[in-house]
Amino acid sequence: MEKDVPIVVVKEVGKSYGTVEALKEVSFVVERGEIFGLIGPDGAGKSTLFRILTTLLLADKGTATIGGLDVATEYKQIRTKVGYMPGRFSLYQDLSVEENLEFFATVFHTTVQENYDLIKDIYQQIEPFRKRRAGALSGGMKQKLALSCALIHKPDILFLDEPTTGVDPVSRKEFWQMLRNLREQGITIVVSTPIMDEARQCDRIAFINHGKIHGIDTPERILQQFASILCPPSLEREELRHETAPVIEVEQLTKCFGNFTAVDHISFQVNRGEIFGFLGANGAGKTTAMRMLCGLSKPTSGIGKVAGYDIFREAEQVKKHIGYMSQKFSLYEDLKVWENIRLFAGIYGMKEQEIERKTEELLDRLGLADERDTLVKSLPVGWKQKLAFSVSIFHEPRIVFLDEPTGGVDPATRRQFWELIYQAADQGITIFVTTHYMDEAEYCNRISIMVDGQIKALDTPARLKQQFGAETMDDVFQQLARGAVRKAD
377 MEKDVPIVVV
387 KEVGKSYGTV
397 EALKEVSFVV
407 ERGEIFGLIG
417 PDGAGKSTLF
427 RILTTLLLAD
437 KGTATIGGLD
447 VATEYKQIRT
457 KVGYMPGRFS
467 LYQDLSVEEN
477 LEFFATVFHT
487 TVQENYDLIK
497 DIYQQIEPFR
507 KRRAGALSGG
517 MKQKLALSCA
527 LIHKPDILFL
537 DEPTTGVDPV
547 SRKEFWQMLR
557 NLREQGITIV
567 VSTPIMDEAR
577 QCDRIAFINH
587 GKIHGIDTPE
597 RILQQFASIL
607 CPPSLEREEL
617 RHETAPVIEV
627 EQLTKCFGNF
637 TAVDHISFQV
647 NRGEIFGFLG
657 ANGAGKTTAM
667 RMLCGLSKPT
677 SGIGKVAGYD
687 IFREAEQVKK
697 HIGYMSQKFS
707 LYEDLKVWEN
717 IRLFAGIYGM
727 KEQEIERKTE
737 ELLDRLGLAD
747 ERDTLVKSLP
757 VGWKQKLAFS
767 VSIFHEPRIV
777 FLDEPTGGVD
787 PATRRQFWEL
797 IYQAADQGIT
807 IFVTTHYMDE
817 AEYCNRISIM
827 VDGQIKALDT
837 PARLKQQFGA
847 ETMDDVFQQL
857 ARGAVRKAD
(Lines of atoms letter the chains of each structure in order from A; the text may use other names.)
(Lines give C-alpha, C1' and ligand atoms only; values in the text may rest on other atoms or scores of the structure.)
Protein backbone atom coordinates (compact mmCIF):
# COMPACT_ATOMS: atom_id res chain seq x y z
CA MET A 377 0.00 0.00 0.00
CA GLU A 378 1.39 3.40 -1.00
CA LYS A 379 2.31 5.79 1.78
CA ASP A 380 0.05 8.62 0.64
CA VAL A 381 -3.06 6.42 0.52
CA PRO A 382 -5.17 6.80 3.73
CA ILE A 383 -5.07 3.77 6.00
CA VAL A 384 -8.69 4.27 7.17
CA VAL A 385 -11.50 5.34 4.84
CA VAL A 386 -15.02 5.62 6.26
CA LYS A 387 -17.91 6.58 3.93
CA GLU A 388 -21.44 7.37 5.13
CA VAL A 389 -21.46 4.66 7.83
CA GLY A 390 -24.70 4.29 9.78
CA LYS A 391 -25.67 2.04 12.70
CA SER A 392 -28.90 1.77 14.69
CA TYR A 393 -29.91 -0.15 17.81
CA GLY A 394 -33.68 -0.43 17.53
CA THR A 395 -34.98 3.13 17.27
CA VAL A 396 -31.70 4.68 18.45
CA GLU A 397 -29.40 5.92 15.66
CA ALA A 398 -25.91 5.44 17.10
CA LEU A 399 -24.11 6.56 13.91
CA LYS A 400 -25.49 8.78 11.12
CA GLU A 401 -23.66 8.93 7.77
CA VAL A 402 -20.20 9.12 9.34
CA SER A 403 -17.36 9.84 6.90
CA PHE A 404 -13.65 10.53 7.46
CA VAL A 405 -10.15 9.34 6.55
CA VAL A 406 -7.07 8.65 8.67
CA GLU A 407 -3.65 9.15 7.11
CA ARG A 408 -0.84 6.65 7.63
CA GLY A 409 1.41 7.39 10.60
CA GLU A 410 -0.83 9.95 12.30
CA ILE A 411 -2.43 10.03 15.74
CA PHE A 412 -6.11 10.63 15.03
CA GLY A 413 -8.47 11.45 17.89
CA LEU A 414 -12.22 10.79 18.18
CA ILE A 415 -13.63 13.26 20.70
CA GLY A 416 -17.20 13.66 21.90
CA PRO A 417 -19.60 13.39 24.83
CA ASP A 418 -20.74 10.10 26.38
CA GLY A 419 -23.09 8.24 24.06
CA ALA A 420 -21.84 10.12 20.97
CA GLY A 421 -21.13 6.87 19.07
CA LYS A 422 -17.36 6.54 19.55
CA SER A 423 -17.32 2.94 20.84
CA THR A 424 -19.78 1.78 18.16
CA LEU A 425 -17.48 3.24 15.51
CA PHE A 426 -14.44 1.52 17.05
CA ARG A 427 -16.22 -1.82 17.04
CA ILE A 428 -17.16 -1.45 13.36
CA LEU A 429 -13.59 -0.52 12.37
CA THR A 430 -12.13 -3.47 14.30
CA THR A 431 -14.63 -5.84 12.57
CA LEU A 432 -16.53 -6.71 15.76
CA LEU A 433 -19.77 -5.12 14.55
CA LEU A 434 -21.41 -4.74 11.14
CA ALA A 435 -22.61 -1.34 10.00
CA ASP A 436 -26.19 -1.06 8.71
CA LYS A 437 -25.08 1.10 5.80
CA GLY A 438 -22.02 2.73 4.29
CA THR A 439 -18.52 1.33 3.80
CA ALA A 440 -15.25 1.29 5.72
CA THR A 441 -11.81 0.06 4.74
CA ILE A 442 -8.63 -0.54 6.75
CA GLY A 443 -5.48 -0.60 4.62
CA GLY A 444 -7.67 -1.01 1.54
CA LEU A 445 -9.51 -4.02 3.00
CA ASP A 446 -13.29 -3.96 3.48
CA VAL A 447 -14.33 -4.37 7.14
CA ALA A 448 -17.41 -6.40 6.20
CA THR A 449 -15.97 -8.89 3.71
CA GLU A 450 -12.23 -9.01 4.45
CA TYR A 451 -12.39 -9.01 8.24
CA LYS A 452 -10.06 -12.01 8.68
CA GLN A 453 -7.18 -10.20 6.98
CA ILE A 454 -7.95 -6.95 8.81
CA ARG A 455 -7.74 -8.65 12.22
CA THR A 456 -4.11 -9.55 11.55
CA LYS A 457 -3.31 -5.89 10.84
CA VAL A 458 -5.06 -4.07 13.72
CA GLY A 459 -4.46 -3.86 17.46
CA TYR A 460 -7.41 -2.96 19.69
CA MET A 461 -7.65 -1.76 23.29
CA PRO A 462 -11.31 -1.46 24.33
CA GLY A 463 -12.29 0.68 27.31
CA ARG A 464 -11.92 -2.16 29.83
CA PHE A 465 -8.39 -3.32 29.02
CA SER A 466 -9.35 -6.66 27.36
CA LEU A 467 -7.09 -8.65 29.69
CA TYR A 468 -7.70 -12.05 31.28
CA GLN A 469 -7.71 -11.14 34.95
CA ASP A 470 -6.86 -14.64 36.22
CA LEU A 471 -3.88 -15.12 33.92
CA SER A 472 -0.45 -13.78 34.87
CA VAL A 473 1.24 -10.93 33.00
CA GLU A 474 3.36 -13.26 30.89
CA GLU A 475 0.47 -15.70 30.32
CA ASN A 476 -1.67 -12.87 28.91
CA LEU A 477 1.10 -11.81 26.55
CA GLU A 478 1.80 -15.39 25.40
CA PHE A 479 -1.92 -16.00 24.87
CA PHE A 480 -2.33 -12.97 22.59
CA ALA A 481 0.83 -13.90 20.68
CA THR A 482 -0.53 -17.43 20.11
CA VAL A 483 -3.91 -16.10 18.91
CA PHE A 484 -2.08 -14.13 16.21
CA HIS A 485 0.21 -17.06 15.28
CA THR A 486 3.37 -15.36 16.49
CA THR A 487 5.63 -15.47 19.55
CA VAL A 488 6.66 -12.95 22.17
CA GLN A 489 10.28 -13.36 21.09
CA GLU A 490 9.53 -12.59 17.44
CA ASN A 491 8.15 -9.09 18.11
CA TYR A 492 9.76 -8.36 21.49
CA ASP A 493 11.67 -5.34 20.12
CA LEU A 494 8.38 -3.56 19.39
CA ILE A 495 7.08 -3.87 22.97
CA LYS A 496 10.43 -3.89 24.79
CA ASP A 497 10.30 -0.31 26.14
CA ILE A 498 6.74 -0.80 27.42
CA TYR A 499 6.99 -4.39 28.65
CA GLN A 500 10.25 -3.90 30.55
CA GLN A 501 8.36 -1.68 33.01
CA ILE A 502 6.02 -4.54 34.00
CA GLU A 503 8.39 -7.48 33.45
CA PRO A 504 9.39 -7.61 37.16
CA PHE A 505 5.74 -8.55 37.85
CA ARG A 506 5.41 -11.09 35.03
CA LYS A 507 4.24 -13.86 37.41
CA ARG A 508 1.50 -11.68 38.94
CA ARG A 509 -2.16 -12.08 37.94
CA ALA A 510 -3.37 -9.27 35.68
CA GLY A 511 -6.30 -8.64 38.04
CA ALA A 512 -3.84 -7.76 40.84
CA LEU A 513 -2.08 -5.02 38.86
CA SER A 514 -2.67 -1.28 39.27
CA GLY A 515 -4.46 0.67 36.54
CA GLY A 516 -1.21 1.97 35.05
CA MET A 517 0.34 -1.51 34.92
CA LYS A 518 -2.80 -3.04 33.35
CA GLN A 519 -2.71 -0.32 30.74
CA LYS A 520 0.90 -1.12 29.79
CA LEU A 521 0.15 -4.85 29.64
CA ALA A 522 -2.96 -4.29 27.48
CA LEU A 523 -0.94 -2.13 25.09
CA SER A 524 1.78 -4.80 24.89
CA CYS A 525 -0.87 -7.45 24.12
CA ALA A 526 -2.41 -5.24 21.39
CA LEU A 527 1.04 -4.74 19.80
CA ILE A 528 2.48 -8.25 20.03
CA HIS A 529 1.49 -9.19 16.44
CA LYS A 530 3.04 -5.98 15.03
CA PRO A 531 -0.17 -4.31 13.75
CA ASP A 532 -0.22 -1.50 11.17
CA ILE A 533 -2.82 0.45 13.15
CA LEU A 534 -3.88 0.69 16.82
CA PHE A 535 -7.44 1.47 17.94
CA LEU A 536 -7.54 2.72 21.55
CA ASP A 537 -10.95 3.41 23.15
CA GLU A 538 -10.39 5.73 26.15
CA PRO A 539 -7.21 3.85 27.15
CA THR A 540 -6.26 6.04 30.14
CA THR A 541 -9.55 6.02 32.10
CA GLY A 542 -8.82 5.49 35.81
CA VAL A 543 -5.09 6.08 35.35
CA ASP A 544 -3.15 8.73 37.29
CA PRO A 545 -1.60 11.78 35.55
CA VAL A 546 1.98 10.48 35.70
CA SER A 547 1.03 7.15 34.07
CA ARG A 548 -1.07 9.01 31.48
CA LYS A 549 1.92 11.14 30.52
CA GLU A 550 4.10 8.04 30.16
CA PHE A 551 1.41 6.34 28.07
CA TRP A 552 1.23 9.21 25.57
CA GLN A 553 5.01 9.21 25.26
CA MET A 554 4.72 5.51 24.35
CA LEU A 555 2.13 6.40 21.67
CA ARG A 556 4.46 9.03 20.17
CA ASN A 557 7.27 6.46 20.09
CA LEU A 558 5.00 3.97 18.31
CA ARG A 559 4.02 6.58 15.73
CA GLU A 560 7.74 7.13 15.01
CA GLN A 561 7.92 3.39 14.27
CA GLY A 562 5.24 3.83 11.59
CA ILE A 563 2.18 2.65 13.53
CA THR A 564 -1.02 4.64 12.95
CA ILE A 565 -3.08 5.35 16.09
CA VAL A 566 -6.81 6.08 16.35
CA VAL A 567 -7.74 7.04 19.92
CA SER A 568 -10.75 8.34 21.84
CA THR A 569 -10.35 10.27 25.08
CA PRO A 570 -12.48 12.41 27.41
CA ILE A 571 -9.34 14.31 28.51
CA MET A 572 -8.73 17.44 26.48
CA ASP A 573 -5.01 17.62 27.31
CA GLU A 574 -4.72 14.23 25.58
CA ALA A 575 -6.82 15.41 22.63
CA ARG A 576 -4.29 18.23 22.12
CA GLN A 577 -1.55 15.62 21.53
CA CYS A 578 -3.29 14.21 18.44
CA ASP A 579 -2.36 15.35 14.93
CA ARG A 580 -6.05 15.81 14.05
CA ILE A 581 -9.30 15.22 15.91
CA ALA A 582 -12.86 14.57 14.82
CA PHE A 583 -15.67 15.90 17.01
CA ILE A 584 -18.54 13.40 17.11
CA ASN A 585 -21.88 14.10 18.83
CA HIS A 586 -25.28 12.39 18.54
CA GLY A 587 -23.79 9.92 16.06
CA LYS A 588 -22.62 12.61 13.59
CA ILE A 589 -19.18 14.06 12.91
CA HIS A 590 -19.46 17.83 13.19
CA GLY A 591 -15.89 18.78 12.38
CA ILE A 592 -12.38 17.43 11.67
CA ASP A 593 -9.36 19.67 12.14
CA THR A 594 -6.35 20.36 14.34
CA PRO A 595 -7.03 19.97 18.09
CA GLU A 596 -6.87 23.70 18.83
CA ARG A 597 -9.41 24.59 16.14
CA ILE A 598 -11.88 21.86 17.14
CA LEU A 599 -11.55 22.60 20.86
CA GLN A 600 -12.17 26.28 20.14
CA GLN A 601 -15.10 25.61 17.80
CA PHE A 602 -16.90 23.28 20.24
CA ALA A 603 -15.63 24.81 23.49
CA SER A 604 -19.06 24.80 25.22
CA ILE A 605 -19.08 20.97 25.18
CA LEU A 606 -15.37 20.10 25.19
CA CYS A 607 -13.89 22.94 27.28
CA PRO A 608 -16.65 24.36 29.53
CA PRO A 609 -15.66 27.27 31.80
CA SER A 610 -14.43 26.53 35.33
CA LEU A 611 -16.98 26.51 38.13
CA GLU A 612 -17.18 29.48 40.47
CA ARG A 613 -18.37 28.94 44.03
CA GLU A 614 -19.13 31.22 46.93
CA GLU A 615 -18.34 28.88 49.82
CA LEU A 616 -20.82 28.66 52.71
CA ARG A 617 -19.16 28.58 56.12
CA HIS A 618 -20.02 25.76 58.51
CA GLU A 619 -18.77 25.12 62.03
CA THR A 620 -15.23 23.80 61.84
CA ALA A 621 -15.61 20.72 64.04
CA PRO A 622 -13.85 17.82 62.26
CA VAL A 623 -15.99 14.95 60.99
CA ILE A 624 -12.96 12.86 59.98
CA GLU A 625 -9.98 12.54 62.34
CA VAL A 626 -6.99 10.40 61.44
CA GLU A 627 -3.85 10.00 63.51
CA GLN A 628 -0.89 7.79 62.56
CA LEU A 629 -3.23 5.46 60.62
CA THR A 630 -1.36 2.46 59.22
CA LYS A 631 -2.25 -0.63 57.19
CA CYS A 632 0.18 -3.46 56.49
CA PHE A 633 -0.21 -6.53 54.30
CA GLY A 634 2.51 -8.88 55.54
CA ASN A 635 5.78 -6.98 55.18
CA PHE A 636 4.26 -4.39 52.86
CA THR A 637 3.05 -1.10 54.39
CA ALA A 638 0.28 0.15 52.10
CA VAL A 639 -0.69 3.12 54.33
CA ASP A 640 2.16 4.49 56.42
CA HIS A 641 1.24 6.54 59.54
CA ILE A 642 -1.00 9.16 57.90
CA SER A 643 -2.61 11.98 59.93
CA PHE A 644 -5.19 14.61 58.90
CA GLN A 645 -8.60 16.11 59.72
CA VAL A 646 -11.58 17.01 57.50
CA ASN A 647 -14.22 19.55 58.56
CA ARG A 648 -17.98 19.62 58.06
CA GLY A 649 -19.02 20.77 54.57
CA GLU A 650 -15.45 20.65 53.30
CA ILE A 651 -14.58 19.25 49.87
CA PHE A 652 -11.41 17.29 50.60
CA GLY A 653 -9.40 15.95 47.66
CA PHE A 654 -7.49 12.73 48.37
CA LEU A 655 -4.95 12.40 45.56
CA GLY A 656 -2.09 10.09 44.68
CA ALA A 657 -0.70 7.98 41.85
CA ASN A 658 -1.93 4.42 41.25
CA GLY A 659 -0.52 2.28 44.08
CA ALA A 660 0.07 5.21 46.48
CA GLY A 661 -2.33 3.77 49.09
CA LYS A 662 -5.46 5.91 48.52
CA THR A 663 -7.94 3.06 48.06
CA THR A 664 -6.61 1.19 51.09
CA ALA A 665 -6.94 4.33 53.23
CA MET A 666 -10.45 5.00 51.97
CA ARG A 667 -11.52 1.40 52.70
CA MET A 668 -10.39 1.85 56.31
CA LEU A 669 -12.29 5.13 56.65
CA CYS A 670 -15.45 3.49 55.28
CA GLY A 671 -15.24 0.69 57.87
CA LEU A 672 -14.46 -1.95 55.22
CA SER A 673 -10.91 -2.77 56.34
CA LYS A 674 -9.40 -2.76 59.83
CA PRO A 675 -6.27 -0.67 60.45
CA THR A 676 -3.05 -2.33 61.56
CA SER A 677 -2.44 0.58 63.94
CA GLY A 678 -3.32 4.21 64.54
CA ILE A 679 -6.58 6.03 65.22
CA GLY A 680 -9.42 6.94 62.88
CA LYS A 681 -12.79 8.54 63.61
CA VAL A 682 -15.48 9.11 61.01
CA ALA A 683 -18.71 10.96 61.95
CA GLY A 684 -17.63 10.52 65.57
CA TYR A 685 -17.29 6.72 65.37
CA ASP A 686 -14.10 4.72 65.78
CA ILE A 687 -13.29 2.95 62.49
CA PHE A 688 -11.74 0.00 64.34
CA ARG A 689 -14.40 -0.69 67.02
CA GLU A 690 -17.53 0.89 65.49
CA ALA A 691 -17.23 0.05 61.79
CA GLU A 692 -20.96 -0.76 61.45
CA GLN A 693 -21.93 2.66 62.85
CA VAL A 694 -19.51 4.31 60.42
CA LYS A 695 -21.23 2.60 57.47
CA LYS A 696 -24.65 3.90 58.59
CA HIS A 697 -23.51 7.52 58.68
CA ILE A 698 -21.68 7.76 55.36
CA GLY A 699 -22.50 7.64 51.66
CA TYR A 700 -20.27 6.00 49.06
CA MET A 701 -19.94 6.13 45.30
CA SER A 702 -17.33 4.35 43.22
CA GLN A 703 -16.13 4.86 39.66
CA LYS A 704 -18.47 2.04 38.60
CA PHE A 705 -21.46 4.10 39.78
CA SER A 706 -22.63 1.43 42.30
CA LEU A 707 -26.12 1.13 40.78
CA TYR A 708 -27.98 -2.04 39.80
CA GLU A 709 -28.18 -1.93 36.01
CA ASP A 710 -31.15 -4.33 35.75
CA LEU A 711 -33.33 -2.38 38.20
CA LYS A 712 -35.44 0.62 37.25
CA VAL A 713 -34.50 4.13 38.35
CA TRP A 714 -37.05 4.25 41.18
CA GLU A 715 -36.18 0.69 42.27
CA ASN A 716 -32.53 1.66 42.73
CA ILE A 717 -33.51 4.65 44.87
CA ARG A 718 -35.86 2.52 46.98
CA LEU A 719 -33.35 -0.30 47.41
CA PHE A 720 -30.54 1.93 48.69
CA ALA A 721 -32.91 3.95 50.89
CA GLY A 722 -34.05 0.68 52.49
CA ILE A 723 -30.46 -0.43 53.04
CA TYR A 724 -29.80 2.88 54.81
CA GLY A 725 -32.79 2.22 57.12
CA MET A 726 -35.07 5.02 55.93
CA LYS A 727 -38.82 4.85 56.66
CA GLU A 728 -41.35 3.97 53.96
CA GLN A 729 -43.19 7.33 53.92
CA GLU A 730 -39.94 9.27 53.85
CA ILE A 731 -38.63 7.14 50.96
CA GLU A 732 -41.79 7.77 48.92
CA ARG A 733 -41.77 11.52 49.45
CA LYS A 734 -38.04 12.01 48.85
CA THR A 735 -38.03 9.76 45.76
CA GLU A 736 -40.49 12.07 43.98
CA GLU A 737 -38.50 15.14 45.04
CA LEU A 738 -35.26 13.60 43.78
CA LEU A 739 -36.68 12.54 40.42
CA ASP A 740 -38.07 16.04 39.84
CA ARG A 741 -34.80 17.71 40.87
CA LEU A 742 -32.74 15.51 38.52
CA GLY A 743 -35.22 15.84 35.65
CA LEU A 744 -35.72 12.06 35.72
CA ALA A 745 -39.47 12.00 36.49
CA ASP A 746 -40.21 10.66 32.98
CA GLU A 747 -37.47 8.01 33.39
CA ARG A 748 -38.64 6.57 36.73
CA ASP A 749 -39.52 3.21 35.10
CA THR A 750 -36.45 3.10 32.84
CA LEU A 751 -33.84 0.41 33.48
CA VAL A 752 -30.63 2.04 34.73
CA LYS A 753 -28.55 0.30 32.04
CA SER A 754 -30.53 2.26 29.40
CA LEU A 755 -29.57 5.66 30.85
CA PRO A 756 -26.75 7.78 29.39
CA VAL A 757 -23.55 7.64 31.47
CA GLY A 758 -23.97 11.20 32.74
CA TRP A 759 -27.47 10.49 34.04
CA LYS A 760 -26.30 7.30 35.75
CA GLN A 761 -23.56 9.27 37.43
CA LYS A 762 -25.89 11.98 38.75
CA LEU A 763 -28.36 9.33 39.95
CA ALA A 764 -25.62 7.35 41.72
CA PHE A 765 -24.37 10.43 43.54
CA SER A 766 -27.90 11.47 44.53
CA VAL A 767 -28.60 7.96 45.82
CA SER A 768 -25.36 8.01 47.84
CA ILE A 769 -26.56 11.12 49.76
CA PHE A 770 -30.28 10.23 49.75
CA HIS A 771 -30.20 9.36 53.48
CA GLU A 772 -28.48 12.70 54.23
CA PRO A 773 -25.18 11.29 55.52
CA ARG A 774 -22.67 13.51 57.27
CA ILE A 775 -19.94 12.43 54.86
CA VAL A 776 -19.91 11.01 51.32
CA PHE A 777 -16.87 9.17 49.92
CA LEU A 778 -16.44 9.48 46.14
CA ASP A 779 -13.86 7.13 44.60
CA GLU A 780 -12.93 8.50 41.14
CA PRO A 781 -16.60 9.27 40.44
CA THR A 782 -16.03 10.98 37.06
CA GLY A 783 -13.63 8.51 35.44
CA GLY A 784 -14.18 8.34 31.67
CA VAL A 785 -16.83 11.09 31.66
CA ASP A 786 -16.75 14.00 29.21
CA PRO A 787 -15.85 17.54 30.41
CA ALA A 788 -19.37 19.05 30.25
CA THR A 789 -20.88 16.15 32.25
CA ARG A 790 -18.05 16.34 34.78
CA ARG A 791 -18.81 20.02 35.32
CA GLN A 792 -22.50 19.23 35.95
CA PHE A 793 -21.47 16.55 38.45
CA TRP A 794 -19.35 19.04 40.37
CA GLU A 795 -22.33 21.38 40.58
CA LEU A 796 -24.10 18.57 42.49
CA ILE A 797 -21.06 18.21 44.76
CA TYR A 798 -21.12 21.95 45.52
CA GLN A 799 -24.83 21.79 46.37
CA ALA A 800 -24.24 18.89 48.77
CA ALA A 801 -21.30 20.67 50.45
CA ASP A 802 -23.44 23.81 50.87
CA GLN A 803 -25.96 21.62 52.75
CA GLY A 804 -23.20 20.68 55.19
CA ILE A 805 -22.32 17.26 53.73
CA THR A 806 -18.57 16.64 53.80
CA ILE A 807 -17.16 15.45 50.45
CA PHE A 808 -14.13 13.13 50.50
CA VAL A 809 -13.13 12.62 46.86
CA THR A 810 -10.37 10.88 44.92
CA THR A 811 -9.75 11.93 41.32
CA HIS A 812 -7.14 11.64 38.59
CA TYR A 813 -8.34 14.87 36.93
CA MET A 814 -6.22 17.74 38.16
CA ASP A 815 -8.73 20.38 37.05
CA GLU A 816 -11.12 18.78 39.58
CA ALA A 817 -8.45 19.06 42.26
CA GLU A 818 -8.71 22.84 41.82
CA TYR A 819 -12.39 22.61 42.91
CA CYS A 820 -11.50 21.17 46.35
CA ASN A 821 -11.13 23.28 49.52
CA ARG A 822 -8.03 21.33 50.50
CA ILE A 823 -5.99 18.56 48.93
CA SER A 824 -3.73 15.84 50.27
CA ILE A 825 -1.30 14.03 47.96
CA MET A 826 -0.10 10.53 48.88
CA VAL A 827 3.22 9.08 47.76
CA ASP A 828 4.45 5.63 48.82
CA GLY A 829 1.72 5.30 51.46
CA GLN A 830 2.48 8.66 53.11
CA ILE A 831 0.86 12.09 52.82
CA LYS A 832 3.55 14.29 51.29
CA ALA A 833 1.49 17.48 50.87
CA LEU A 834 -1.72 18.86 52.39
CA ASP A 835 -3.13 22.36 51.85
CA THR A 836 -5.41 24.47 49.65
CA PRO A 837 -4.77 24.28 45.88
CA ALA A 838 -3.55 27.91 45.85
CA ARG A 839 -1.04 27.38 48.68
CA LEU A 840 0.22 24.09 47.21
CA LYS A 841 0.90 25.76 43.85
CA GLN A 842 2.73 28.55 45.66
CA GLN A 843 4.72 26.08 47.80
CA PHE A 844 5.88 24.07 44.77
CA GLY A 845 6.36 27.02 42.44
CA ALA A 846 3.79 25.55 40.06
CA GLU A 847 1.16 27.06 37.76
CA THR A 848 -1.30 24.15 37.94
CA MET A 849 -2.19 21.29 40.28
CA ASP A 850 -1.00 18.93 37.56
CA ASP A 851 2.50 20.42 37.93
CA VAL A 852 2.34 19.93 41.73
CA PHE A 853 1.18 16.33 41.32
CA GLN A 854 3.88 15.50 38.76
CA GLN A 855 6.62 16.89 41.03
CA LEU A 856 5.49 14.79 44.00
CA ALA A 857 4.44 11.57 42.25
CA ARG A 858 7.67 11.32 40.28
CA GLY A 859 9.49 11.04 43.60
CA ALA A 860 7.76 7.71 44.34
CA VAL A 861 10.10 4.85 45.19
CA ARG A 862 7.76 1.89 45.06
CA LYS A 863 6.13 0.82 41.81
CA ALA A 864 2.36 1.10 41.26
CA ASP A 865 2.00 -2.66 41.18
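Be aware that the sequence shown starts at 377, since it is given in the numbering used here, and climbs by one per residue.
Built from N, CA and C at the ideal position, the CB exists for glycine as well.
These figures come from a predicted structure and were not determined experimentally.
query: Could you tell me which of E612, F793, A660, F412 sits nearest to R580, measuring between CA atoms?; result: F412
query: So, T806 versus G649, is the Cβ gap smaller than 8 Å?; result: yes
query: Determine whether the beta carbon atoms of Q645 and E614 lie at a separation below 8 Å.; result: no
query: Whole angstroms are fine: how far does the CA of E478 sit from the CA of G653?; result: 40 Å
query: Going by the CB atoms, is the gap between D850 and M814 shorter than 8 Å?; result: yes
query: What is the rounded straight-line gap between the Cα of T486 and the Cα of S423?; result: 28 Å
query: Check the C-beta distance from Y700 over to S766 and give it rounded, since I have them as a contact under 8 Å.; result: Incorrect: roughly 13 Å between the Cβ atoms, too far for contact.
query: Give the DSSP-derived three-state secondary structure of G722 in the structure shown.; result: helix
query: Kindly indicate the opening and closing residues of the alpha helix (DSSP H) around T424.; result: 422-429
query: Which of the three DSSP states, helix, strand or coil, is assigned to S466?; result: coil
query: I need the boundaries of the alpha helix (DSSP H) containing G758, first residue and last residue.; result: 757-768
query: Got a sec, what are the start and stop residues for the beta strand (DSSP E) E819 sits in?; result: The displayed chain sequence assigns Tyr, not Glu, to residue 819. It is not in any beta strand (DSSP E) - Y819 carries neither H nor E in the DSSP assignment.
query: Give the single residue among R774, L739, Q792 whose Cα lies nearest to the Cα of V757.; result: Q792
query: Taking C-alpha atoms, which residue in F484, G394, E410 lies nearest to V381?; result: E410
query: Identify the residues that DSSP records as bridge partners of S754: which are they?; result: Note: S754 sits in no beta bridge, so no partner.
query: From which residue to which residue does the alpha helix (DSSP H) around T441 run?; result: Premise fails: T441 lies in the beta strand (DSSP E), 437-442, not in any alpha helix (DSSP H).
query: Starting from the C-beta of L742, find all residues in its chain whose C-beta is less than 7 Å away, skip the five residues before and the five after it, and write them out in chain order.; result: K762, L763, S766
query: If we count the other Cβ atoms within 10 Å of its Cβ and call it buried at 16 or more, is A801 buried or exposed?; result: buried
query: So K585 is in the beta strand (DSSP E); what residue range does that whole segment cover?; result: It should be pointed out that residue 585 corresponds to Asn in this sequence rather than to Lys. Run containing N585: 580-585, per the beta strand (DSSP E) assignment.
query: My understanding is that I498 touches S524, with C-beta atoms under 8 Å, so please give their C-beta distance in whole angstroms.; result: 5 Å
query: Can you say whether F426 is buried or exposed, counting buried as having 16 or more other CB atoms within 10 angstroms of its CB?; result: buried
query: With V785 as the anchor, note down where its alpha helix (DSSP H) starts and where it stops.; result: Run containing V785: none; DSSP gives neither H nor E here.
query: Determine the contact status of G459 and A526, defining contact as a CB-CB distance below 8 Å.; result: yes
query: Measuring alpha carbon to alpha carbon, tell me which of L719, K712, I775 ends up nearest D749.; result: K712
query: Where L555 and D537 are concerned, what is the direct C-alpha to C-alpha distance, given to the nearest angstrom?; result: 13 Å
query: May I ask you to report which of helix, strand or coil DSSP gives Y451?; result: helix
query: Are the CB atoms of I415 and T569 within a distance shorter than 8 Å?; result: yes
query: I'd like to check one pair, L429 with F505: are the Cβ atoms closer than 8 Å?; result: no
query: Between the alpha carbons of Q729 and L738, how many angstroms are there, rounded?; result: 14 Å
query: When you compare only the Cα positions, how much space is there between E736 and F844?; result: 48 Å
query: Which same chain residues end up closer than 7 Å to A721 when comparing Cβ atoms and leaving out the 5 residues on each side of it in sequence?; result: I731, F770, H771
query: Just curious, the beta strand (DSSP E) that S403 is in, first and last residue?; result: 396-406
query: Relative to the alpha-carbon of E670, which residue among G783, G661, H697, G678 has its alpha-carbon at the smallest distance?; result: Checking the sequence, you will find Cys at residue 670 rather than Glu. Nearest of G783, G661, H697, G678 to C670, Cα basis: H697.
query: Which residues in the same chain have their Cβ closer than 6 Å to the Cβ of K588, if we skip the five residues on either side of it in sequence?; result: K400
query: For V386, which three-state DSSP category applies?; result: strand
query: T782: which of E388, L467, V543, A522 sits nearest, CA to CA?; result: V543
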